[in-house]
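A short write-up of the structure that comes next.
Protein chains: 2
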Amino acid sequence: MLSNESRFRRLNRAVTTLTGVMDQSFLGRGRTLGAARVLNAIGQGREDVADIRAYLGLDSGLMSRFLRGLEDEGLIVTQPGKTDARRRVAQLTEQGRDEVAAYEELANNGARAVLNQYSQQEALLQAIDLVATVLGREQIAISEVDPEDPRVKNCMAQYYAEIAAIFETDFDPAQASPPDANDMRRPNGVFLLAVSDGLPVGCVAVKGEGNGLGEIRRMWVSPAARGLGLAKQLMAEIEDKARALGIHTLRLDTNGKLIAARRLYENMGWSEIDRYNDNVYAEHFFEKKL
Amino acid sequence: MLSNESRFRRLNRAVTTLTGVMDQSFLGRGRTLGAARVLNAIGQGREDVADIRAYLGLDSGLMSRFLRGLEDEGLIVTQPGKTDARRRVAQLTEQGRDEVAAYEELANNGARAVLNQYSQQEALLQAIDLVATVLGREQIAISEVDPEDPRVKNCMAQYYAEIAAIFETDFDPAQASPPDANDMRRPNGVFLLAVSDGLPVGCVAVKGEGNGLGEIRRMWVSPAARGLGLAKQLMAEIEDKARALGIHTLRLDTNGKLIAARRLYENMGWSEIDRYNDNVYAEHFFEKKL
DNA sequence: AAAAATATCAGATTAAAGTCAGGTAAATTT
DNA sequence: AAATTTACCTGACTTTAATCTGATATTTTT
Numbered sequence: 148m149l150s151n152e153s154r155f156r157r158l159n160r161a162v163t164t165l166t167g168v169m170d171q172s173f174l175g176r177g178r179t180l181g182a183a184r185v186l187n188a189i190g191q192g193r194e195d196v197a198d199i200r201a202y203l204g205l206d207s208g209l210m211s212r213f214l215r216g217l218e219d220e221g222l223i224v225t226q227p228g229k230t231d232a233r234r235r236v237a238q239l240t241e242q243g244r245d246e247v248a249a250y251e252e253l254a255n256n257g258a259r260a261v262l263n264q265y266s267q268q269e270a271l272l273q274a275i276d277l278v279a280t281v282l283g284r285e286q287i288a289i290s291e292v293d294p295e296d297p298r299v300k301n302c303m304a305q306y307y308a309e310i311a312a313i314f315e316t317d318f319d320p321a322q323a324s325p326p327d328a329n330d331m332r333r334p335n336g337v338f339l340l341a342v343s344d345g346l347p348v349g350c351v352a353v354k355g356e357g358n359g360l361g362e363i364r365r366m367w368v369s370p371a372a373r374g375l376g377l378a379k380q381l382m383a384e385i386e387d388k389a390r391a392l393g394i395h396t397l398r399l400d401t402n403g404k405l406i407a408a409r410r411l412y413e414n415m416g417w418s419e420i421d422r423y424n425d426n427v428y429a430e431h432f433f434e435k436k437l
Numbered sequence: 148m149l150s151n152e153s154r155f156r157r158l159n160r161a162v163t164t165l166t167g168v169m170d171q172s173f174l175g176r177g178r179t180l181g182a183a184r185v186l187n188a189i190g191q192g193r194e195d196v197a198d199i200r201a202y203l204g205l206d207s208g209l210m211s212r213f214l215r216g217l218e219d220e221g222l223i224v225t226q227p228g229k230t231d232a233r234r235r236v237a238q239l240t241e242q243g244r245d246e247v248a249a250y251e252e253l254a255n256n257g258a259r260a261v262l263n264q265y266s267q268q269e270a271l272l273q274a275i276d277l278v279a280t281v282l283g284r285e286q287i288a289i290s291e292v293d294p295e296d297p298r299v300k301n302c303m304a305q306y307y308a309e310i311a312a313i314f315e316t317d318f319d320p321a322q323a324s325p326p327d328a329n330d331m332r333r334p335n336g337v338f339l340l341a342v343s344d345g346l347p348v349g350c351v352a353v354k355g356e357g358n359g360l361g362e363i364r365r366m367w368v369s370p371a372a373r374g375l376g377l378a379k380q381l382m383a384e385i386e387d388k389a390r391a392l393g394i395h396t397l398r399l400d401t402n403g404k405l406i407a408a409r410r411l412y413e414n415m416g417w418s419e420i421d422r423y424n425d426n427v428y429a430e431h432f433f434e435k436k437l
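Shown next, in the form of structure tokens:
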């Protein structure tokens, strides 16, 4: 009925309207939106002035004035950077933290007001995650994390829930040869987590034992990030990490129902081999020489 | 992992960033955003100045200046309204139409640029429809349309596709006692369509034959609008319309697999009766005295 | 018919954001 | 060591949006 473009523009209009309302509530704290944006950027942990400037797209003169204003209010302090004294670093004062918290509260209240009046919140949130992740696809960042990072645990919980739904039985991780966290930490292995604007959207690990053999584990991509080529990117990066760790042969196992995964492995140069473990959920086994 | 509020705010950020880029492209046409917004509102068919003013939330002085500017550019003409000469009415000139088309092109290109780089477009668009509809829930408008309106055909096509998926067989509308369009037109009946910012999200009809008996047909709510109470609203409105047409008894049929629908009818005071037609897809029959 | 309300317009003013042209100190390059 | 570049600052200026006041024409109410 509507063109795809129009459907997209409907979203723009709906979100823009809400954002306008939210911005209005921000004004209630007696600061201009520009100053509030800078303050909140600092509150998000962005300290480097040049970084904030790039993030918000501000002219250096304008930025400078915002910083002076916030300083005069006693909300931030700025200092020359340690490694480069030209780059200045901004930090919140006690009072600044309170003020950021107040803005957070306003933004969260605005969000809650919308979410709470809808009966099927989880479905809505999943749609929101998908849309936000696809629209912000350029800013998905893959980085090394500890295998016991709480975000990793969260990814795994989602993974198990999905697997259970696909297998139509309970999924017992203990029966899937659970890897020792230490084998996914340097120097044995590496754990990679993909994050899209704060939301964990995928992970993968290489598990090693220091003998040149490695295994790919914990491969997962959130439904919100599927179709973006993230799985391929994670696999490529983890292979690089494995190579750098001195691993020459990688293996992995997978279930027959995870068809997309199997196709990916085949496309990326893996070859099927015989069963090499007693994981009861695994039906296909692959190997790749690095 | 992330709070619900944070997940919502991720969407805000992603959309706002894109909107900013789009707005930049609008500026390329040498007009301020304010003036462009007014022009595009007129291009959308909003003619009444007071209406545009309310829609865009503009002060009368500011609005007046935008209109003068657009008039000076030769893009619009304004006249006193016919029924009330205080309210002015704006219309596009030939040149204005071209300019609106140019803005449309820019906006559509921006939307396409985002959509086209994603491989699972239809899933994304469905998520977009859901999010935009829920966020813009207040602006769903229900109005009478002709049963042969193309938007109605589109709703029905979606309905049939869904039904086919639920029944796991092909669905042949010809076997479902298809109603005569004329019986869903005044004075026999009424057809209602629910539209959310341009997107048809639901419909319902009362089919009558002028004898005080009526039948509810074409009841459908888009997946994008479920959970908003739209079905209930449509049913309530169509009952009112039926009453106003002089109908004293309403009937309807439904399939056993449409559980939510059946529960709705029961909650709204319908009582189950014996089969009254030979619709092969119908398994439950209801009646309501008005 | 008079009074009140409504819709727009025009001019003056303010506020916020953004731009531009130097200037300084620190870092980097030559 | 000199020249260049970088990051930030300051002050002057422009643009855009927004607000406020008062005027006019029209409609509605009394």
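If you're matching them up, the sequences are chains P and H in order.
If you're matching positions, the first sequence starts at 148 in this note's numbering and goes up one per residue.
If you're matching positions, the second sequence starts at 148 in this note's numbering and goes up one per residue.
Where a beta carbon is used, it is the ideal one built from N, C-alpha and C, also for glycine.
Predicted, not measured: the structure shown is a model, and the values here were computed from it.
Span separating the alpha-carbon of residue i from that of residue j
i	j	result
F155 of chain H	S324 of chain P	37 Å
R467 of chain P	E285 of chain P	With chain P running from 148 to 437 in the structure shown, residue 467 of chain P is simply not present.
I313 of chain P	L397 of chain P	26 Å
T179 of chain H	I287 of chain P	33 Å
S343 of chain P	K404 of chain P	27 Å
P294 of chain P	Q226 of chain P	35 Å
R212 of chain P	V281 of chain P	35 Å
Y250 of chain P	V162 of chain P	19 Å
A311 of chain H	P320 of chain H	10 Å
M382 of chain H	V261 of chain P	25 Å
D387 of chain H	S418 of chain H	18 Å
R215 of chain P	L174 of chain P	19 Å
Bridge partners - residue i, DSSP secondary structure assignment
i	result
I289 of chain H	H:A341
G172 of chain H	The sequence shown places Ser at residue 172 of chain H, rather than the Gly named in the question. Per DSSP, none; premise fails for S172 of chain H.
P347 of chain P	P:V342
F432 of chain P	P:D400 and P:I420
E362 of chain P	P:K354 and P:R398
L239 of chain P	P:I223
Pair within 9 Å by beta-carbon distance, residue i and residue j
i	j	result
S266 of chain H	L340 of chain H	no
M303 of chain P	R365 of chain P	yes
V337 of chain H	I406 of chain H	no
E194 of chain P	Q238 of chain P	yes
Q273 of chain H	A274 of chain P	yes
A197 of chain P	R234 of chain P	yes
M210 of chain H	I223 of chain H	no
E246 of chain P	R176 of chain P	yes
G257 of chain H	L165 of chain H	yes
A408 of chain P	R160 of chain H	no
W367 of chain P	Q305 of chain P	yes
Test: residue i CB closer than 9 Å to a CB of chain H
i	result
E309 of chain P	no
T179 of chain P	no
I275 of chain P	yes
R284 of chain P	yes
A254 of chain P	yes
S290 of chain P	no
L411 of chain P	no
Status (buried if at least 16 other CB within 10 Å, exposed otherwise) for residue i
i	result
K379 of chain H	exposed
K128 of chain P	Nothing about residue 128 of chain P can be reported from this structure: the residues present for chain P run from 148 to 437 only.
P347 of chain P	buried
E152 of chain P	buried
S369 of chain H	buried
G400 of chain H	Contrary to the premise, residue 400 of chain H reads as Asp rather than Gly in this sequence. By the neighbour-count rule (16 or more Cβ atoms within 10 Å), D400 of chain H is buried.
L277 of chain H	buried
K354 of chain P	buried
E362 of chain H	buried
Residue i at chain P interface by Cβ criterion, 9 Å
i	result
N426 of chain H	no
D344 of chain H	yes
F155 of chain H	yes
G192 of chain H	no
S172 of chain H	no
T225 of chain H	no
P320 of chain H	no
N301 of chain H	yes
R160 of chain H	yes
P297 of chain H	yes
E386 of chain H	no
S150 of chain H	yes
heavy atom of the ligand GDP below 8 Å from residue i C-beta
i	result
R298 of chain H	The ligand GDP is not part of the structure shown, which contains no ligands of any sort.
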